[in-house]
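Colleague: If you scroll down you'll find the structure; I have some questions about it.
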Amino acid sequence: MKQLKNYINGEWVDSGAKEYGDIWCPATGEKIGEVPFSTAADIDKAVQAAKEAYWEWRCTPPLTRARYFFKLKNLFEDAFEDISRTLVTEEGKTLDESRGEVRRMIENVEHATGVTTMMTGYNLEDIAHGIDCTAERQPIGVFGVIAPFNFPAMVPWWFLPYAVVCGNTYIVKPSEQVPMTQTRIFEAIDECGFPEGVINMVHGARDAVNGLLYHPDIKGISFVGQSATARYVYKACGETGKRVQSLGGAKNFVFVMPDAELDRSMPSLITSFYGCAGERCLSGSVLVPVGNVYRDLKEKFVAAARALKVGNGLQEGIQMGPLVSKKHKEKVLGYIEKGIKEGAKLILDGRNIKVDGYPDGFYIGPTIFDEVDPNMSIAKEEIFGPVVSIVRTGNLEESLKLLENSEYGNATCLYTTNGKTAREFKYRAVASMMGINLGIAAPMSFFPFGGSKGSFFGDIKGHGREVFQFFTDTKVVIQRWT
Amino acid sequence: MALTTFGAIMGFAAEISGKAEEIYRVLTQKANDAALREVLRGLSEEEGKNHDLMLKARRENVTEMILEPVTGLHQEDYEIDPKAADAADDTGLLRAAMMLEERGKRFFKDASSKVPLPEVSRIFRKAAQKKEANLAKLQGLGLSQTLGSSG
Numbered sequence: 004m005k006q007l008k009n010y011i012n013g014e015w016v017d018s019g020a021k022e023y024g025d026i027w028c029p030a031t032g033e034k035i036g037e038v039p040f041s042t043a044a045d046i047d048k049a050v051q052a053a054k055e056a057y058w059e060w061r062c063t064p065p066l067t068r069a070r071y072f073f074k075l076k077n078l079f080e081d082a083f084e085d086i087s088r089t090l091v092t093e094e095g096k097t098l099d100e101s102r103g104e105v106r107r108m109i110e111n112v113e114h115a116t117g118v119t120t121m122m123t124g125y126n127l128e129d130i131a132h133g134i135d136c137t138a139e140r141q142p143i144g145v146f147g148v149i150a151p152f153n154f155p156a157m158v159p160w161w162f163l164p165y166a167v168v169c170g171n172t173y174i175v176k177p178s179e180q181v182p183m184t185q186t187r188i189f190e191a192i193d194e195c196g197f198p199e200g201v202i203n204m205v206h207g208a209r210d211a212v213n214g215l216l217y218h219p220d221i222k223g224i225s226f227v228g229q230s231a232t233a234r235y236v237y238k239a240c241g242e243t244g245k246r247v248q249s250l251g252g253a254k255n256f257v258f259v260m261p262d263a264e265l266d267r268s269m270p271s272l273i274t275s276f277y278g279c280a281g282e283r284c285l286s287g288s289v290l291v292p293v294g295n296v297y298r299d300l301k302e303k304f305v306a307a308a309r310a311l312k313v314g315n316g317l318q319e320g321i322q323m324g325p326l327v328s329k330k331h332k333e334k335v336l337g338y339i340e341k342g343i344k345e346g347a348k349l350i351l352d353g354r355n356i357k358v359d360g361y362p363d364g365f366y367i368g369p370t371i372f373d374e375v376d377p378n379m380s381i382a383k384e385e386i387f388g389p390v391v392s393i394v395r396t397g398n399l400e401e402s403l404k405l406l407e408n409s410e411y412g413n414a415t416c417l418y419t420t421n422g423k424t425a426r427e428f429k430y431r432a433v434a435s436m437m438g439i440n441l442g443i444a445a446p447m448s449f450f451p452f453g454g455s456k457g458s459f460f461g462d463i464k465g466h467g468r469e470v471f472q473f474f475t476d477t478k479v480v481i482q483r484w485t
Numbered sequence: 066m067a068l069t070t071f072g073a074i075m076g077f078a079a080e081i082s083g084k085a086e087e088i089y090r091v092l093t094q095k096a097n098d099a100a101l102r103e104v105l106r107g108l109s110e111e112e113g114k115n116h117d118l119m120l121k122a123r124r125e126n127v128t129e130m131i132l133e134p135v136t137g138l139h140q141e142d143y144e145i146d147p148k149a150a151d152a153a154d155d156t157g158l159l160r161a162a163m164m165l166e167e168r169g170k171r172f173f174k175d176a177s178s179k180v181p182l183p184e185v186s187r188i189f190r191k192a193a194q195k196k197e198a199n200l201a202k203l204q205g206l207g208l209s210q211t212l213g214s215s216g
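So the protein lines, in turn, are chains A and B.
Note that the first sequence covers residues 4 to 485 in the working numbering.
Note that the second sequence covers residues 66 to 216 in the working numbering.
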């Protein structure tokens with residue numbers, strides 16, 4: 004059984020862990036490896052290596068730093084299929100979804116190479132008589148990321164390339180549920196030849212997380228995961244004086260207006276709710292037919308959901324894979340039970356789906372509840388699975404109210420052919436990522452990624468332009484030579 | 066089997082190109098007519114490049130945000146018959162080549178309207194145009210006068 008290693012100071016090293024976690028293939032239900040639950044001492048080794056590497060790396064010209072990423076991009080292209088398949092094997096999503104994720108990972112590398120433009124400061128002469136002022140962006144030190152299970156390739160790369168290209172050094176803590184993908188990615192990093200200690204990876208769970216959060220030499224943390232943990236991370240970073248961007252969970256509402264083009268919208272609606280088996284913070288979770296579109300929408304949506312091909316994501320053509328783990332499957336099944344108990348009407352039941360050849364996989368088929376009250380758990384809480392709740396509203400005003408009342412503010416989508424309605428929605432809806440006639444409102448690397456309310460803790464979000472600010476300090480220099 | 070995803074379409078495009086490359090390689094070795102041999106060799110090389118192009122297009126254009134289900138494309142409508150490589154004389158070889166090009170043209174033309182990505186759609190359209198030109202080239206070889214239409 005494969006036991007993973009940490010990558011510290013340019014070398015693959017054994018963890019000092021006494022405890023190991025199991026890595027599963029969700030499609031088959033088989034154990035495929037073991038991941039060390041590294042200790043705070045392992046984290047400290049990585050921090051010392053990153054700290055040691057920092058000054059020389061910080062003094063390396065930005066364009067030279069960017070060249071490492073040009074090379075890394077090509078290495079990623081060479082390893083593209085291998086990374087994608089590793090991801091499917093341990094996470095369960097489909098090949099297309101994995102390839103799409105790896106592509107988005109690479110796009111962050113591409114965007115980061117614009118450092119010579121993105122990292123520049125600004126200046127003004129004569130801010131007072133004979134006195135000039137410059138604002139210079141400087142790297143800060145050692146940063147780290149604590150990554151979630153649902154996008155094991157991409158999420159660390161919302162942060163890492165920007166941090167490192169700005170002259171910081173870095174530590175990645177992959178999710179202990181899906182650590183093989185990032186391990187494969189680090190093989191490319193190793194081949195790329197970054198100076199030792201610039202980029203490090205430590206596997207682990209709670210101890211490793213706390214090791215990062217409470218280490219005095221770590222200057223900032225990026226986190227993506229559940230809201231409860233995001234809050235914890237935010238608080239810990241506040242206590243220890245770290246910069247923090249902490250992205251939490253979601254409960255996304257997708258509104259369909261009576262004037263929407265249903266047939267044209269259906270593929271995108273299906274992708275929104277069932278893409279990545281619903282295990283994404285941008286997934287639609289509550290489908291809201293507005294006004295008299297209800298009957299027609301429900302009929303078409305249920306038919307399209309029923310037609311989805313569920314199976315092992317490694318098979319080309321499969322449209323929805325399993326959930327990431329047995330434990331998570333049980334959690335989602337628990338929500339389905341809760342929905343039934345709370346009085347919602349189960350109109351498509353994915354609980355007993357059978358996937359040929361994979362009786363032990365962690366599958367749940369597309370599931371739909373109708374007649375859901377907004378106060379039911381399934382309409383309020385993050386399920387993170389292929390479970391859709393249909394909540395009806397009479398008009399746009401009622402729809403906007405639903406969003407306002409939600410604990411979360413990650414993403415929302417609207418389907419309409421009316422520009423005025425779209426404008427009104429865009430202007431007033433309380434969510435930070437928005438799709439109009441699009442089911443997955445995923446900002447690309449050159450726009451910021453992150454929500455609001457209970458979905459985000461911090462101020463500067465993932466990637467985009469602003470992330471260069473997160474990874475630099477603006478030093479203001481005021482000079483008088485006259 | 067229905068080709069219902071972007072990956073399935075691109076994978077099939079690469080697969081038929083790879084198969085055609087192999088068949089053309091076999092046909093090239095059998096050809097007696099020098100001009101036909103050269104054309105077949107060229108087609109084999111073209112299919113090899115096409116195979117790599119399809120995998121590159123899949124890798125570079127997969128767009129996670131719009132991985133939407135595709136309908137109306139079935140691989141059995143475009144499958145390549147491996148028996149095409151069994152052709153024995155030059156007329157048979159030519160007929161096999163025309164069949165391959167015709168199938169390919171039809172697939173790339175149909176698939177170009179199914180993929181919601183302009184870059185990939187353009188690659189498919191160009192592939193279909195090339196196949197159209199190849200068909201004309203094959204017909205121009207003169208040997209084809211006895212063949213009639215192929216499907």
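Glycine residues also receive a C-beta, built at the ideal position from the N, C-alpha and C atoms.
Exposed or buried, B:E184, counting other C-beta atoms within 10 Å across all chains shown (16 or more means buried)?
Modeller: Exposed.
Colleague: Just to make sure I have the definition right: I need the residues of chain B whose C-beta is within less than 9 Å of the C-beta of A:T274. Which are they?
Modeller: Ordered by position in chain B, the residues that pass the 9 Å Cβ test against A:T274 are M130, I131, L132, E133 and P134.
Colleague: By the three-class DSSP mapping on this structure, what secondary structure does A:P198 have?
Modeller: In this structure, A:P198 counts as coil in the three-state DSSP scheme.
Colleague: Exposed or buried, what is A:I130 when buried is set at 16 or more other beta-carbons lying within 10 Å of its beta-carbon?
Modeller: So A:I130 ends up on the exposed side.
Colleague: May I ask which residues mark the beginning and end of the beta strand (DSSP E) holding A:P3?
Modeller: In the structure as shown, chain A begins at 4 and stops at 485. Residue 3 of chain A is therefore absent and cannot be evaluated.
Colleague: Identify the contact partners of B:M66 in chain A, using a Cβ-Cβ distance below 9 Å as the criterion.
Modeller: Going along chain A in sequence order, the residues near B:M66 (Cβ under 9 Å) are G320.
Colleague: Which residues, in order along the segment 292 to 310 of chain A, keep a beta-carbon less than 9 Å from a beta-carbon of chain B?
Modeller: So the list reads A307 and A310, given in the order they occur along the chain.
Colleague: For a contact defined as C-beta to C-beta under 8 Å, what are the partners of B:A201 on chain A?
Modeller: The contacting residues do not exist; B:A201 stays about 33 Å from chain A at best.
Colleague: Inspect the beta-carbon positions of A:V50 and A:V158 and report whether they are closer than 8 Å.
Modeller: Result no, Cβ atoms of A:V50 and A:V158 do not sit closer than 8 Å.
Colleague: Quick one: grab the DSSP three-state call for A:I463.
Modeller: Three-state DSSP puts A:I463 in coil, outside helix and strand.
Colleague: For B:I74, I'd like the list of residues in its chain whose CB is within less than 8 Å of its CB, leaving aside the five on either flank, ordered along the chain.
Modeller: Counting only Cβ-Cβ distances below 8 Å, and skipping sequence neighbours, we find L68, V135, L138, A176, K179 and V180.
Colleague: Take every Cβ of the segment 406 to 424 of chain A, pair it with every Cβ of the segment 452 to 466 of chain A, and state whether three or more of those distances are shorter than 8 Å.
Modeller: Short answer: they touch.
Colleague: For my contact list, A:A308 and A:P369 are in at a C-beta cut-off of 8 Å; report their separation, rounded to the angstrom.
Modeller: Yes, they are in contact, since the Cβ atoms of A:A308 and A:P369 sit about 4 Å apart, within 8 Å.
Colleague: Here's a check: name, in chain order, each residue in its chain whose Cβ is nearer than 8 Å to the Cβ of A:A208, leaving out the five neighbours to either side.
Modeller: G24, F40 and E179.
Colleague: Would you say B:F189 lies against chain A (beta-carbon separation less than 8 Å)?
Modeller: No, its Cβ sits nowhere closer than 8 Å to a Cβ of chain A.
Colleague: Have a look at B:D154 and B:K95 and give me their C-alpha separation to the nearest angstrom.
Modeller: B:D154 and B:K95: Cα-Cα distance of roughly 8 Å.
Colleague: Output the residue ranges of the alpha helix (DSSP H) runs that lie fully inside the segment 120 to 195 of chain B and measure 4 residues or longer, sorted by chain position.
Modeller: If we require 4 residues or more, the alpha helix (DSSP H) runs fully inside the segment 120 to 195 of chain B come out as 155 to 177.
Colleague: If you pair each beta-carbon of the segment 286 to 304 of chain A with each one of the segment 263 to 273 of chain A, do three or more pairs fall below 8 Å?
Modeller: Yes, since at least three Cβ pairs between the segment 286 to 304 of chain A and the segment 263 to 273 of chain A fall closer than 8 Å, the two stretches touch.
Colleague: For the segment 94 to 110 of chain A against the segment 317 to 324 of chain A, are there 3 or more C-beta pairs whose distance is under 8 Å?
Modeller: Yes: at least three Cβ pairs fall under 8 Å.
Colleague: Is it right to say A:H218 is buried, meaning 16 or more other beta carbons lie within 10 angstroms of its own, or is it exposed?
Modeller: It counts as buried.
Colleague: Looking at the unbroken alpha helix (DSSP H) that takes in A:T67, where does it start and where does it end?
Modeller: Residues P65 to D81.
Colleague: Between A:V112 and A:P164, what straight-line distance do the alpha-carbon atoms span, to the nearest angstrom?
Modeller: So the two alpha carbons sit approximately 6 Å from each other.
Colleague: Which whole-angstrom value describes the C-beta separation of A:F372 and A:V391, a residue pair presumed to lie in contact below a C-beta threshold of 8 Å?
Modeller: At roughly 7 Å, the Cβ-Cβ gap stays under 8 Å, so A:F372 and A:V391 are in contact.
Colleague: Do B:K196 and B:V104 come within 8 Å of each other at the CB atom, strictly closer than that value?
Modeller: No.
Colleague: List, in order along the chain, the chain B residues whose C-beta lies closer than 7 Å to that of A:L98?
Modeller: What A:L98 touches in chain B: G72.
Colleague: Note down, in chain order, each residue of its chain lying with its Cβ closer than 7 Å to the Cβ of A:G278, except the 5 sequence neighbours on either side.
Modeller: Here the set comprises E100, S286 and I443.
Colleague: Can you tell me where the alpha helix (DSSP H) with A:D299 in it begins and where it stops?
Modeller: Counting along the chain, the alpha helix (DSSP H) containing A:D299 begins and ends at Y297 to R309.
Colleague: Near A:R187, which residues of its chain fall below 8 Å by C-beta distance, leaving aside the five closest residues on each side in sequence?
Modeller: Excluding positions up to five away in sequence, the list reads A82, D85, I86 and T89.
Colleague: Could you check where the beta strand (DSSP E) with A:M130 kicks off and where it finishes?
Modeller: Checking the sequence shown, residue 130 of chain A turns out to be Ile, not Met. It spans Y125 to A131 - the beta strand (DSSP E) in which A:I130 sits, taken as one unbroken run.
Colleague: What is the residue span of the beta strand (DSSP E) that A:K34 lies within?
Modeller: E33 to P39 is the span of the beta strand (DSSP E), which, as asked, contains A:K34.
Colleague: Examine the Cβ distances between the segment 329 to 344 of chain A and the segment 379 to 396 of chain A and report whether three or more of them are shorter than 8 Å.
Modeller: Because the criterion of three Cβ pairs below 8 Å is met, the segment 329 to 344 of chain A and the segment 379 to 396 of chain A touch.
Colleague: For B:I88, which residues from the same chain have a beta carbon less than 6 Å from its beta carbon, with the 5 sequence-adjacent residues on both sides left out?
Modeller: Once the five neighbours on either side are set aside, the close Cβ partners of B:I88 are A149 and A150.
Colleague: Classify A:P362 as buried or exposed, calling it buried when 16 or more other Cβ atoms lie within 10 Å of its own Cβ.
Modeller: The residue is exposed, with fewer than 16 neighbouring Cβ atoms inside 10 Å.
Colleague: Identify whether A:L7 lies in helix, strand or coil by the three-state DSSP scheme.
Modeller: Looking at A:L7 - three-state DSSP - the assignment turns out to be coil, as it is neither helix nor strand.
Colleague: I need the straight-line Cα distance from A:G438 to A:T415, nearest angstrom please.
Modeller: Going by the C-alpha atoms only, they are around 6 Å apart.
Colleague: Following the continuous beta strand (DSSP E) through A:R140, name the residue where it begins and the one where it ends.
Modeller: A:R140 -> beta strand (DSSP E) spans I134 to Q141.
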